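Student:
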Amino acid sequence: MHIIRSVEDAKALEGQEVGLSDWVVIDQHRIDQFAEATADHQWIHVDTDRAAREMPDGKTIAHGYLTLALIPALTAEFIEVENVARAINFGLNKVRFYTPVPVASRLRARAKVLQARRRAGALLLTGEVRIEVEGERKPACIAETLGLFFFNE
Numbered sequence: 031m032h033i034i035r036s037v038e039d040a041k042a043l044e045g046q047e048v049g050l051s052d053w054v055v056i057d058q059h060r061i062d063q064f065a066e067a068t069a070d071h072q073w074i075h076v077d078t079d080r081a082a083r084e085m086p087d088g089k090t091i092a093h094g095y096l097t098l099a100l101i102p103a104l105t106a107e108f109i110e111v112e113n114v115a116r117a118i119n120f121g122l123n124k125v126r127f128y129t130p131v132p133v134a135s136r137l138r139a140r141a142k143v144l145q146a147r148r149r150a151g152a153l154l155l156t157g158e159v160r161i162e163v164e165g166e167r168k169p170a171c172i173a174e175t176l177g178l179f180f181f182n183e
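Quick note, this note's numbering runs 30 ahead of the 1-based positions in the sequence shown.
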């Protein structure tokens, strides 16, 4: 766990890997819950019978946005910003999905700090998160994330 108390602390982490998460299993129940929450019921995600017949590995695959949505949970233990009045997910600069995530796969996140800047009286932290699939050469996803942290006065 990296502790950040100031913009200067964050700047000291630029270019550094700040964490590697534990593996998490992506099971069909999680995929189905995501499909329900987002109304994305495309058969490649939820129809196990059809996937067995028509998908290259005979398995359903996780939604790309499910993979992306796991980033906060997978990276929660990497950095703690102290003395924060509020933290805001400021968005993403770039997201790419490179490898599908078949059901029953194990994923983990690897993150590094790309940039730390002062913006509007807050810390703007730009990171790169790679979502790795166990046994795959290419990551499932690489996302450039933006977090905005407002310190207490």
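By construction, the Cβ of each residue, glycine as well, lies at the ideal position given by its N, Cα and C atoms.
No experiment lies behind these values; they were computed from the predicted model shown.
Kindly identify the DSSP beta-bridge partner or partners of Lys124.
Tutor: BP columns for Lys124 point to Glu174.
Student: In its own chain, which residues sit with a C-beta less than 6 Å from the C-beta of Leu50, not counting the 5 before and 5 after it?
Tutor: Same-chain partners within the cutoff: Arg140.
Student: Does DSSP classify Gln145 as helix, strand or coil?
Tutor: Here Gln145 sits in strand by DSSP.
Student: Shortest alpha-carbon distance to Ile56 belongs to which of Ile33, Ser36, Tyr95, Gln72?
Tutor: Out of Ile33, Ser36, Tyr95, Gln72, Tyr95 has the C-alpha closest to the C-alpha of Ile56.
Student: Please state if the CB of His71 and the CB of His93 are separated by a distance shorter than 8 Å.
Tutor: It is not a contact, given that the beta carbons lie outside the stated cut-off.
Student: Confirm, please, whether the CB-CB distance from Leu98 to Arg138 is below 8 Å.
Tutor: Not a contact, by the Cβ cut-off of 8 Å.
Student: Quick one: what's Leu154 bridged to in DSSP?
Tutor: DSSP lists Arg147, Leu178 as partners of Leu154.
Student: Once DSSP output is grouped into helix, strand and coil, what is the label at Ala115?
Tutor: It is a strand residue.
Student: Starting from Glu66, follow the alpha helix (DSSP H) in both directions and report where the run begins and ends.
Tutor: Residues 58–68.
Student: Using 8 Å as the Cβ pair cut-off and three pairs as the minimum, do the segment 155–165 and the segment 81–92 touch?
Tutor: As far as the Cβ criterion goes, the segment 155–165 does not touch the segment 81–92, which means the pair count is below three.
Student: Can you tell me whether Ala139 is helix, strand or coil according to DSSP?
Tutor: Ala139: strand per DSSP, three-state reduction.
Student: Closest to Ala170 by CA distance: which of Ser135, Pro130, Asn182 is it?
Tutor: Residue Pro130 is the option with its Cα nearest to Ala170.
Student: My understanding is that Tyr128 touches Lys168, with C-beta atoms under 8 Å, so please give their C-beta distance in whole angstroms.
Tutor: Yes, Tyr128 and Lys168 are in contact; Cβ-Cβ is about 4 Å, under 8 Å.
Student: Which first and last residues belong to the beta strand (DSSP E) in which Val131 is found?
Tutor: Looking at the DSSP string, Val131 is not in any beta strand (DSSP E), and its letter there is neither H nor E.
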